[in-house]
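This report refers to the structure that appears directly beneath it.
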Amino acid sequence: MMTSDAGGRTFWVPAAVVLSVLVGRGVCQQDRLTLESPAMAVRIDRHAGRWSLEDKQAGVRWPSQGTASPGTGEGLPQRFADAVSTARSVRLARDGVAVTFQLIDEGRSLEIRYEGNGLDEIRVLEDGLATTEAEDGYLIVPCREGLLIPASGEVTFRRTFGTSDYEGCHMNMLGLVKRGAALVVSWDDAYVFADVARTETDAGARRLTAALRLRKSARSIRLTPLGRGDWNRVAAGYRRLAERKGLAVTLRQKIERDPHAELLVGASDFKLWTCLARRMNEESTKEESVTVRWTFDQAAAIAQHLHGDVQIDRCLFIMGGWTEGGYDCRHPDNLPANPECGGNEALARAIHRIQSLGYVACLHDNYQDMYRDAKSWDAAYIEKRPDGSLVKGGRWLGGRAYMVCAPKQYELAMRPQNLPAIHRLFDPWCYFIDTTYAVGPRECFDPNHPIGRNEDIAWKIKLSDAARQLFGLFGSECGREWALPHSDFFEGLVGVSGRHYHNLDPKSLGAMVIPFWEMVYHDCQFCYGKYGYAPGRAAPYVAHHVLCARPLHYHAIPDGLYWKATPPARRGGADAASSGPEACYIRTDQGWAQGLHPLDAFIKNTHEVLGPLHRMTAHQRLERLELLTSDRSLRRATYGHGAEATVVVVNFRTSDATVESRYGGSVTLPAWGFVVEGPRFTAFYAKRWGGREYPEGALFTIQARGGRALDRTTRVRIFHGFGDPAIHWRGKTWKVERERELSP
């Protein structure tokens, strides 16, 4: 830390020295013990274990009044007989059970640790982290992109966010802010569950609490006060903790490991989910239907269409339903590739054709679900309940699935006839194993392969590493921070089916969605949404992706060579399907995609914005998120800093908003409109930009050529998606109906 002598000279004192001096001062004052560092002062009652933490930089205390319990639970005493205090820790004990308060990380964090036989579930922090609407308090939950839950709000609720559970805590942390002071609570164990509640006090005020339940092996948590700040401070503070744990493996490192990863920078996610859709009955004994949606030759033709006709430069092209039984059928027995779609040779040929375009081909697989009609069916692979019964999964196309235990997933995947043979036969640059990161940590009580939640994660890491070692690039569903060092892309983290979440409704919590993931890990992973959605209602979803600086996923693809199925006379233009503000991105009036299939128009319009935006920001974090209006509907995200910063402003309200921009001056944004400004790229969907009015709204992008900044380049490419084709640039008005290279 920086300090000064009596003469005003400033010099650096190592934090450890300051910590030692501060903690050594006044450790014991009768019944109160004190731990102190430059960041905090922690005061602990030596008998009751009750405590408080003062954030010294912010002058804010947790809890605001009184003291917090050391925790409650069977076996945890509420009075302690022994107290041992050192310069950095206080240990309270009784009858073989102890609670330790310890300053770690050079005094930046407080760890609370429990030990002793007979301890059951421990509940802690419900009183220590409570905040109220009067304190302008709020909580950040890292669920998918992220939730900001204010203490204020009409809705009262209780909800549990389990560590790595489906729509639980996808980072091992919570962020809290009250009275302008920020704090992170973090942990390392998968048996931590966060119980979040907004309740009404006797006085009618709102109170927000976050209690942590520590089960089984979970025996510690950490509190890191961050001083003055908001959600931006929380994100930056947690990123430092993530780096210390080795989680923040960057895209630069991943590209260095496998150069094919560079092809995913700015790449859209295009997925043919079910090349073969075979539907079986519940027992997997009888076919109910068989549909070939795309042959392997058609899949390659679609990729060539996207590359040649729609001119999509970069794409992660994923194929599902290629396996012997079809999508979600007969797992884990994948080979040969199903003959209905063309068989092994046709699939190998298709992957070669796709990758010759510079696209990354990826095959979709699954080792969690097993079906009774699989050649390898054996109940020995399946998870067991404590009574020995088999654990059932979902009812999918293949019938009723059964849940394969994680070590058995690895065993099945690494059989010679599975991943090794698939790699040898088809050689895709990327592989996707479904559900691996999506489903919450599992338990199995089979005496031959018992595992807990932490062991389940460890085996999934082993499976990820093995697949990645074989194919080069690897991804799975949804995404968790523990998977970052072991994978390259997540599918489902950014959104689901055109919404922010699958089952969770932010309105039920009185919460808003913020791109917190991008504030911590934007530069560490390629991330997409998952499942299909309607392009004609997708403007809010596109706006969300613009704010997150993430390319879209296109998962609702019509059967066959879809672009040939719609007569040209019925394509494009402002037809009934493209009316209303939520349908703006399928517009083609006077634009590049006029005359193309509506899906192609949507892909082109959105990829031309989101692809270059991701290219500019892929190696940066979202460093500052600002809510520009009192209703929080106008939002500004700044990726990076200095000359390389990219600024994104998005209007999430249903009425127009006006903002100032560097290149466009006074810009009027319609509902779901945006303006992007970076050093080499700018884009907008606006009703006014550059002094020109666009009453119906217009979509343009401008890219600098030659690697120079927009304000210094002599050559630019302008893309026009829809609306009035005239644009004012560099003192002149240009007409751009599709795209145009200019040298103004």
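Under this note's numbering, the first residue of the sequence shown is numbered 401, with each subsequent residue one higher. Virtual Cβ for every residue (Gly too), placed ideally from N, Cα, C.
Spatial neighbours of L812 in its own chain (CB-CB distance under 6 Å, excluding positions within 5 residues in sequence) are listed in chain order as P732, Y767. Rounded to the nearest angstrom, the gap between the Cα atoms of V490 and V499 is 8 Å. Unbroken alpha helix (DSSP H) stretches of 4 residues or longer found wholly inside the stretch 886-926: 916-921, given in chain order. Secondary structure remark: continuous beta strand (DSSP E) runs of at least 3 residues inside the stretch 540-599, in chain order: 547-550, 557-562, 573-578, 581-586.
Rounded to whole angstroms, the separation of the alpha carbons of T556 and G872 is 47 Å.
Between the alpha carbons of V894 and R652 lies a distance of about 21 Å. Collapsing the DSSP output to three states places K930 in a strand.
A distance below 7 Å between beta-carbons, with the five flanking residues on each side excluded, links V1050 to the following residues of its chain, in chain order: A943, V946, L947, R1035, F1074. When C-alpha distances from V592 are compared across G898, T650, H570, C927, the shortest belongs to H570.
The three-state reading of DSSP puts Y837 in coil, since its state is none of H, G, I, E or B. When DSSP reads this structure, G1065 sits in a beta bridge with S1061.
Within a 10 Å sphere around the beta-carbon of Q465 sit fewer than 16 other beta-carbons, which makes this residue exposed. Going by C-alpha positions, L525 is about 10 Å away from L623. Per DSSP, S489 lies in no alpha helix (DSSP H); the unbroken beta strand (DSSP E) holding it starts and ends at 489-494. Beta bridge pairing from DSSP links A483 with L492. Taking a contact as a CB-CB distance under 8 Å, the pair E1139 and F1119 counts as one, their CB atoms being some 5 Å apart. Under the three-state reduction of DSSP, Q768 is assigned to coil, being neither helix nor strand. Y638 sits in a helix when the DSSP states are folded into three classes.
A contact is defined here as three or more CB-CB pairs under 8 Å, and the stretch 628-645 fails this definition with respect to the stretch 847-859. With respect to E982, A938 sits close: the two C-beta atoms are nearer than 9 Å.
Secondary structure of C878 (DSSP, three-state): coil. In the pairwise beta carbon analysis, the stretch 759-777 is classified as touching the stretch 726-746: at least three pairs are separated by under 8 Å. P1079 is not a Cβ neighbour of L1028, given a cutoff of 9 Å.
In terms of Cβ geometry, A648 and L884 form a close pair [threshold 9 Å]. When the Cα atoms are used, F890 and L492 turn out to be separated by approximately 43 Å.
Of the candidates A956, V1009, I504, D505, V1009 places its Cα closest to the Cα of G666. According to the DSSP secondary-structure assignment, M719 is paired through a beta bridge with L672, L763. Rounded to the nearest whole angstrom, the C-alpha separation of G1097 and Q1103 is 20 Å. Boundaries of the alpha helix (DSSP H) around L1013: 998-1017. Annotation for Y810: the continuous alpha helix (DSSP H) segment containing it runs 806-813. By the C-beta criterion, the stretch 503-522 is judged to be in contact with the stretch 459-474, since at least 3 inter-stretch pairs fall below 8 Å. Beyond the five residues adjoining it in sequence on each side, K616 comes within less than 7 Å, by CB distance, of Y591, G852 in the same chain, given in chain order.
With a threshold of 16 other beta carbon atoms within 10 Å, Q698 meets it and is buried. Among the bridge pairs identified by DSSP, N1051 is matched with L1034.
About 7 Å separates the beta carbons of L608 and A530, which is inside the 8 Å limit, making them a contact pair.
The three-state reading of DSSP puts I957 in coil, since its state is none of H, G, I, E or B.
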